[in-house]
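Undergrad: If you scroll down you'll find the structure; I have some questions about it.
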Amino acid sequence: MCVRTLIPTEVPKEQIIIPTTSKYTKAKEKYMKLHDDLVTKQMEIVSEKIEKIDEDVPINTDILAKSTTIYAKCLESLGRQLEAWKDSKTY
Numbered sequence: 005m006c007v008r009t010l011i012p013t014e015v016p017k018e019q020i021i022i023p024t025t026s027k028y029t030k031a032k033e034k035y036m037k038l039h040d041d042l043v044t045k046q047m048e049i050v051s052e053k054i055e056k057i058d059e060d061v062p063i064n065t066d067i068l069a070k071s072t073t074i075y076a077k078c079l080e081s082l083g084r085q086l087e088a089w090k091d092s093k094t095y
C-alpha cells in the first residue's frame, strides 16, 4: 500500500492543519505574554508617577540661571586650583 503526500498547492487552505507546538514553544509563548503584561503594567505605573510629579511639584523656571551660577563657581574654583598647581613644584 502506497501513501501519497500532497504538496502545498494541492491542499486547500481550509484543510491545512496547523502543526502542534512543543512544550518549549508553549512555555515560551506563555513567558512572552507574561513579560508583555508586566512591561505594560510597569509602563502604566511609571506614567502615573510622572503625571503625579507633574501635578504636585511646580517647575522652577530659573533652573538655567541657577545651573549657570553653579557652573561658574565650579570653574572659578578649578581655576584657582590650577593656578596653585602651576605655582607648585609638581608642575
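The number in this note's numbering is simply the position in the sequence shown, starting from 1, with 4 added.
Backbone N, C-alpha and C define an ideal beta-carbon position, used for all residues, glycine too.
1. Starting from residue 73, trace the alpha helix (DSSP H) in both directions and tell me its first and last residue.
2. State the DSSP-derived secondary structure class of residue 51, mapped to helix, strand or coil.
3. Can you tell me whether DSSP reads residue 29 as helix, strand or coil?
4. Take residue 1 and list the residues in its own chain whose beta-carbon comes closer than 7 Å to its own, dropping the five residues that flank it on each side.
5. Kindly list the residues whose CB is nearer than 8 Å to the CB of residue 71, restricted to its own chain and excluding five residues on each side of it in sequence; keep chain order.
TA: Working from what's here:
1. As a working note, residue 73 is residue 69 in the sequence shown. Run containing residue 73: 67-91, per the alpha helix (DSSP H) assignment.
2. Along the sequence shown, read from residue 1 onward, the residue named residue 51 stands at position 47. Residue 51 falls in the helix class under three-state DSSP.
3. Translated into the one-based positions of the sequence shown, residue 29 becomes position 25. Judged by DSSP in its simplified three-state form, residue 29 adopts helix.
4. The chain is shown only over 5 to 95; residue 1 falls outside these bounds and no answer can be derived.
5. Reading the sequence shown from its first residue, position 67 is the one you call residue 71. Cβ within range, chain order: n/a, list empty.
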